[in-house]
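Trainee: Residue numbering for the sequence shown follows our numbering, starting at 1 and increasing by one per position.
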Amino acid sequence: MKQLFLPLGLVSAIIVALFLPAGGIFIADNHGLKILVVIIFIVSGYQTGTRGLLLNRGLLFIFPAAALISLIIAPLLGLCIVKLIDLTLFPAMGLLIISAVPPTLSSGIVITDLSGGNTILALFLTVSLNLLGIFTLPFMLNFCLKAVGPVDVDQNALLLKMLFFVLLPFITGKLIRTLLKVHKISANWSYVNSSCVILMVYASLAVSKNIISDVTAGEYGIIFTAVTLLHILLLLINTGSGKLLRLPLPDQKALLFVASQKTLPISIAVLANITCNTGSAIIVCLMFHFMQLLLDSFLAAFLQKK
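1. Helix, strand or coil for Pro-91, going by three-state DSSP, please let me know.
2. From Ile-134 to Ser-260, what distance separates their C-alpha atoms?
3. Classify Pro-64: buried if its beta carbon has 16 or more other beta carbons within 10 angstroms, exposed otherwise.
4. Could you check how far apart the C-beta atoms of Ala-13 and Val-192 are, in whole angstroms? I think they sit under 8 Å.
5. What is the C-beta distance between Ser-99 and Lys-262, in whole angstroms, given that I count them as a contact (C-beta under 8 Å)?
6. Whole angstroms is fine: what's the gap from Leu-256's alpha carbon to Leu-76's?
7. Would you call the stretch 125 to 140 and the stretch 287 to 306 in contact, with 3 or more CB pairs under 8 Å?
8. Look at the alpha carbon of Leu-4 and the alpha carbon of Leu-18, and state the distance between them as a whole number of angstroms.
9. May I ask you to report which of helix, strand or coil DSSP gives Gly-218?
10. Anyone know if the C-beta pair for Pro-250 and Gly-108 falls short of 9 Å?
11. Asn-188 lies in the alpha helix (DSSP H); which residues open and close that run?
12. Quick check on DSSP: helix, strand or coil for Val-182?
13. Rounded to the nearest angstrom, how far is the Cβ of Cys-144 from that of Gly-78, given a contact under 8 Å?
14. Compute the beta-carbon to beta-carbon distance between Met-93 and Thr-278, rounded to the nearest angstrom, for a pair I have assumed lies under 8 Å.
15. Apart from the five residues just before and just after Leu-235, which ones in its own chain have a Cβ nearer than 6 Å to its Cβ?
16. If you run the structure through DSSP and keep just helix, strand and coil, what is Asn-156?
17. Between the Cα of Leu-303 and the Cα atoms of Leu-160, Ala-226, Leu-114, which residue gives the shortest distance?
18. Extract the residue ranges of the alpha helix (DSSP H) inside the stretch 90 to 139, only unbroken runs of 4 or more that lie entirely within it.
19. Out of Leu-264, Phe-41, Phe-170, Ala-281, state which residue places its alpha-carbon closest to the alpha-carbon of Lys-209.
20. Pick from Leu-230, Ala-272, Ser-44: whose alpha carbon is nearest that of Leu-95?
21. Using a Cβ-Cβ cutoff of less than 8 Å, which residues in the same chain neighbour Thr-225 once the five nearest sequence positions on both sides are dropped?
22. Taking Cβ to Cβ, would you say Ser-267 is nearer than 9 Å to Val-110?
Pasting the structure below:
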């Protein structure tokens, strides 16, 4: 049930946004998206524990590789796919945004665990790449967006917003956990984050519900091809990197799933905080999210046997 809560909730959000958009419009018009982002990262900081994290010499190779692939190579791959498939402006924006954001906050760790991978390493990579990604995102995104059209992102403004709406709440949540001396976190907190993501998607689609119906079947097919190609390329690059670094198999699995996935909340936060029209960009972010969950779940089940 826990694994199905977010995917089913996102599907429900899309349907409700089409037929009952008023609630989502109210959320969007009253700073609801930004409030939901803050809640997500306070809870994420509260959930993140550092007990059991063992720093070793292996991380001197694993972390730079993961950072390079996830935060630098991924958006450049997204840019190459945009040029190769000749995506129109709004889908191109969506693909570049989802490719530039850091890894998922939870599913990468969960799927690493399902595959029999090193969950402690997955946790370290998730936290560290999300913190580093706050600083790389504005600059990589601006570089890639300028290459596809007349889109100008204020890098400094976006960086400040990421610091205020992502990093500060995360640190606040972590401080709350430390001050309260909480060692074991209820699994139910993950439902809070998932519910916030569902509401963000609902509100984002409600204010522009015509976008879903305006996108043609052919365009959906092109978007599906683009997001699938991006994720498969990331999986292949991370697989090759793990073997090149001669990592133990559990560490290879952690690198594979964490550095190949991308976070939906931050991508929606970026869409909510850039001033230009983003059109159907959110559809690309949603399709990538569903694709990575589907592909990686099957891949984890296969790798579990090894």
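Idealized CB from N, CA, C, for every residue including glycine.
Mentor: Taking the coordinates as given:
1. Helix at Pro-91.
2. C-alpha separation (whole angstroms): 17 Å.
3. Counting every other CB atom within 10 Å of its CB across the protein chains shown gives Pro-64 a total below 16, marking it as exposed.
4. Actually they are not in contact, since the Cβ atoms of Ala-13 and Val-192 sit about 16 Å apart, beyond 8 Å.
5. Their Cβ separation, rounded to whole angstroms, is 7 Å, which keeps Ser-99 and Lys-262 in contact under 8 Å.
6. In this structure, the alpha-carbon of Leu-256 lies about 18 Å from that of Leu-76.
7. Because the criterion of three Cβ pairs below 8 Å is not met, the stretch 125 to 140 and the stretch 287 to 306 do not touch.
8. In this structure, the CA atom of Leu-4 is about 22 Å from the CA atom of Leu-18.
9. Helix at Gly-218.
10. In this structure, Gly-108 does not lie closer than 9 Å to Pro-250 by Cβ.
11. First-last for Asn-188: undefined, no H or E at that position.
12. Look at Val-182 here: in three-state DSSP terms it is coil, with no helix or strand label.
13. Contact annotation, Cys-144 with Gly-78: C-beta distance approximately 7 Å; criterion of less than 8 Å satisfied.
14. That belief holds up - the Cβ atoms of Met-93 and Thr-278 are roughly 6 Å apart, short of 8 Å.
15. Residues Ser-260 of the same chain have their beta carbon placed closer than 6 Å to that of Leu-235, with the five preceding and five following residues left out of the count.
16. Note: Asn-156 maps to helix in three-state DSSP.
17. For the options Leu-160, Ala-226, Leu-114, the alpha carbon positioned closest to that of Leu-303 is the one of Leu-114.
18. Within the stretch 90 to 139, the complete alpha helix (DSSP H) segments at least 4 residues long are 107 to 114, listed from N- to C-terminus.
19. Ranked by Cα distance from Lys-209, the first of Leu-264, Phe-41, Phe-170, Ala-281 is Ala-281.
20. Of the candidates Leu-230, Ala-272, Ser-44, Leu-230 places its Cα closest to the Cα of Leu-95.
21. Within the same chain, Thr-225 has close Cβ partners Ile-85.
22. No, the pair does not count as a contact, with Cβ atoms beyond the cut-off.
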